[in-house]
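First residue of the sequence shown? That's 0 in numbering that gives the first Met the number 0, and the numbers climb one at a time after it.
Backbone N, C-alpha and C define an ideal beta-carbon position, used for all residues, glycine too.
What follows is a set of notes on a single structure, which appears directly below.
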Amino acid sequence: MTSGASEKKIVPHSMFHNDLKTYVRCYDLGRRKFLDLVVGRIQEIFGDEGSAPAECLREFDDDWNTYLSLELVVHPRVQHKKAIESDMQMTDGIKVVEVRKSLAHYWLRRWCVDCSATASMTDKSFQLHLAQWERTHNFTTFADIRNHPFADRVFLHVQNLAKRLSYIAFISYAVFVHY
């Protein structure tokens, strides 16, 4: 959570879920940027009539529309590398995972991937290391990565959306209180 309770005017375009939370990917008209909001923190929803500005639509969300190929390797600290390579179905010691740029940080945290430049994380929960760190550390999405072993896992394709927000796709704007 980066801010306290506030009223936001958003243009939602997608929802995604992890093991713990459901998020709405949206354009925040006040901040003038795309962001993720936790559905469970939404207290009220008010619809606005009219069309959303074009720059708020999904096709203009570059981080959502861009896919990254993350190359994962066994963490150098791990003693039994072959076991992890087998578990992760690695080819030549590398696991390549395609994820949306906007969701990569959720995925890396949940899979306990050490994203440090030098594989410096010492906790045993970090069995994987991001191999191409030097190519990804400048992405704005990666600024949010915290190497925390119990963070969220992202499932990119969610078919069953939360009932109380299922109608949000039918309105152009949503104004709500989010904390």
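Using 10 angstroms around the beta-carbon of ASP122, count the other beta-carbons present and answer buried if the total reaches 16, otherwise exposed. exposed
Quick one: residues in its chain with C-beta nearer than 6 Å to the C-beta of SER13, no 5 flanking neighbours on either side, listed in chain order? ARG24
Please list, in chain order, all residues of the same chain as GLN126 whose beta carbon is under 8 Å from its beta carbon, the five residues on each side excluded. VAL73, HIS74, VAL77, ILE83 and CYS111
Among the candidates GLN131, ARG40 and GLY46, whose CA atom is the shortest distance from the CA of GLY3? ARG40
How would you write the range of the alpha helix (DSSP H) that HIS104 sits in, first residue to last? 103–109
For LYS80, I'd like the list of residues in its chain whose CB is within less than 6 Å of its CB, leaving aside the five on either flank, ordered along the chain. VAL73
Paired residues, beta bridge with PRO11 - DSSP: CYS25
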